[in-house]
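Q: Please find one structure pasted underneath; my questions will follow.
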Amino acid sequence: MAKKLHLILMGPPGGGKGTQAKILEDRYGLVQLSTGDMLRAAVAAGTEVGKQAQALMDAGALVPDEIILTMIAERIGEPDCANGFILDGFPRTVPQAQALDTMLAERGAAIDLAIEIRVPDERIVERITGRFACAKCGAGYHDKFQRPKTEGVCDVCGSTEFVRRKDDNEATVKERLAAYHAKTAPIIPYYQEKGLLRVVDGARSIDEVTRQLSDVVDAAVAG
Ligand code: AMP
Numbered sequence: 061m062a063k064k065l066h067l068i069l070m071g072p073p074g075g076g077k078g079t080q081a082k083i084l085e086d087r088y089g090l091v092q093l094s095t096g097d098m099l100r101a102a103v104a105a106g107t108e109v110g111k112q113a114q115a116l117m118d119a120g121a122l123v124p125d126e127i128i129l130t131m132i133a134e135r136i137g138e139p140d141c142a143n144g145f146i147l148d149g150f151p152r153t154v155p156q157a158q159a160l161d162t163m164l165a166e167r168g169a170a171i172d173l174a175i176e177i178r179v180p181d182e183r184i185v186e187r188i189t190g191r192f193a194c195a196k197c198g199a200g201y202h203d204k205f206q207r208p209k210t211e212g213v214c215d216v217c218g219s220t221e222f223v224r225r226k227d228d229n230e231a232t233v234k235e236r237l238a239a240y241h242a243k244t245a246p247i248i249p250y251y252q253e254k255g256l257l258r259v260v261d262g263a264r265s266i267d268e269v270t271r272q273l274s275d276v277v278d279a280a281v282a283g
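Sequential numbering from 61 applies to the sequence shown in the working numbering.
So, in structure tokens, the structure goes:
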């Protein structure tokens with residue numbers, strides 16, 4: 061049976077974690093767990109969590125660890141996670157990383173790889189402010205780097221409606237980057253010390269980053 065992989069994709073906002081997680085999901089039969097997507101769903105549904113998270117997300121600040129950990133603990137207990145998962149946007153603080161280790165240990169599991177998609181700050185604003193997604197299927201696009209093949213029509217599902225994230229504006233991106241450097245970057249040495257860190261060059265094209273990631277994951281599977 062295939063190895064049940066537990067992967068983390070790390071890196072700055074707009075660095076390609078979500079795009080790559082979706083590609084790896086199909087390639088390795090894993091599920092993508094994005095705490096950002098879960099929070100946006102909670103905001104859209106008007107739940108208590110959504111109400112607590114919304115203002116923080118709009119300001120580019122992190123949502124408190126307790127909220128995130130409750131959400132993720134529930135999610136990884138669901139049946140579709142039994143064959144392995146890719147974490148995208150979580151953990152985002154060292155306490156989240158420690159709690160994740162405890163949570164997985166209780167299930168007899170552990171993180172196999174924590175991969176940093178490294179992108180310099182100066183590339184981030186351009187990447188984030190140009191991105192949009194299909195309103196129906198969620199396929200991701202970019203004004204400059206990845207336009208739909210037919211203008212105004214989703215390549216995947218044919219929908220003609222697109223959405224942009226409220227927090228994908230220049231002012232909020234700066235706050236999100238500041239939060240990344242202050243609170244999230246310290247998880248990189250945390251995984252390095254455990255021997256689980258791998259780094260790929262996220263400034264390359266989508267295909268090239270996928271190739272680097274696949275090499276890293278294939279090596280882990282073979283090992
Ligand atoms: P993302 O979609 O990963 O860019 O996340 C969007 C926003 O959701 C972030 O700017 C935070 O406000 C919040 N968020 C997502 N994941 C986390 C997390 N693991 N810890 C704290 N806040 C989070």
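Just so it is clear, CB atoms sit at the ideal spot from N, CA and C, and this is done for glycine as well.
1) Helix, strand or coil: which one does DSSP assign to Gly200?
2) The beta strand (DSSP E) with Leu173 in it runs from where to where?
3) If Ala239 and Ala105 are in contact, beta carbons under 8 Å, what's the gap, nearest whole angstrom?
4) Can you tell which of Arg152, Phe145, Asp148 has its C-alpha closest to the C-alpha of Glu126?
5) In whole angstroms, give me the CA-to-CA distance for Arg224 and Ala119.
6) Please list the terminal residues of the continuous alpha helix (DSSP H) segment that includes Gln92.
7) Buried or exposed: Met61, going by 16 or more other Cβ atoms within 10 Å of its Cβ?
8) Does the distance from the CB of Val154 to the CB of Ile247 come in under 7 Å?
9) Tell me whether Cys217 is buried or exposed, calling it buried when 16 or more other Cβ atoms sit within 10 Å of its Cβ.
10) Report back the beta-carbon spacing between Arg178 and Val91 to the nearest angstrom; my notes put them in contact at under 8 Å.
11) Grouping DSSP H, G and I as helix and E and B as strand, with all else coil, what is Met61?
12) Under DSSP, the beta strand (DSSP E) around Gly144 begins and ends at which residues?
13) Just to check, is the beta-carbon of Val123 closer than 6 Å to a non-hydrogen atom of the ligand AMP?
14) Just the Cα atoms here: how many angstroms apart are Pro249 and Ile146?
15) Which same chain residues end up closer than 6 Å to Gly200 when comparing Cβ atoms and leaving out the 5 residues on each side of it in sequence?
16) Would you give the residue range spanned by the alpha helix (DSSP H) that Arg271 belongs to?
17) Does DSSP put Ala101 in a helix, a strand or coil?
18) Count the other CB atoms within 10 Å of the CB of Pro150; is the residue buried (16 or more) or exposed (fewer)?
19) For Ser94, count neighbouring Cβ atoms within 10 angstroms of its own Cβ and tell me buried if that reaches 16, exposed if not.
20) Kindly list the residues whose CB is nearer than 6 Å to the CB of Lys63, restricted to its own chain and excluding five residues on each side of it in sequence; keep chain order.
A: So, from the listed chains and residues:
1) strand
2) 173–178
3) About 24 Å separates the two Cβ atoms, so there is no contact after all.
4) Arg152
5) In this structure, the straight-line span from the alpha carbon of Arg224 to that of Ala119 is close to 16 Å.
6) Looking at the DSSP string, Gln92 is not in any alpha helix (DSSP H); the run it does join, the beta strand (DSSP E), is 91–94.
7) Because Met61 sits at a pLDDT of 44, beneath the cut-off of 50, its placement in the model cannot be relied upon, and the following sentence gives the value as read from the coordinates. Looking at its Cβ environment, which holds fewer than 16 other Cβ atoms inside 10 Å, Met61 is exposed.
8) yes
9) exposed
10) Actually they are not in contact, since the Cβ atoms of Arg178 and Val91 sit about 25 Å apart, beyond 8 Å.
11) Low per-residue confidence applies at Met61: pLDDT is 44, beneath 50, and the placement is therefore not dependable, though the value from the model is reported in the following sentence. Taken through DSSP and simplified to helix, strand or coil, Met61 comes out as coil.
12) 144–148
13) yes
14) Ile146 has its alpha-carbon roughly 19 Å from the corresponding atom of Pro249.
15) Thr79, Ala193
16) It spans 266–282 - the alpha helix (DSSP H) in which Arg271 sits, taken as one unbroken run.
17) helix
18) Checking the sequence, you will find Phe at residue 150 rather than Pro. So Phe150 ends up on the buried side.
19) buried
20) Val281
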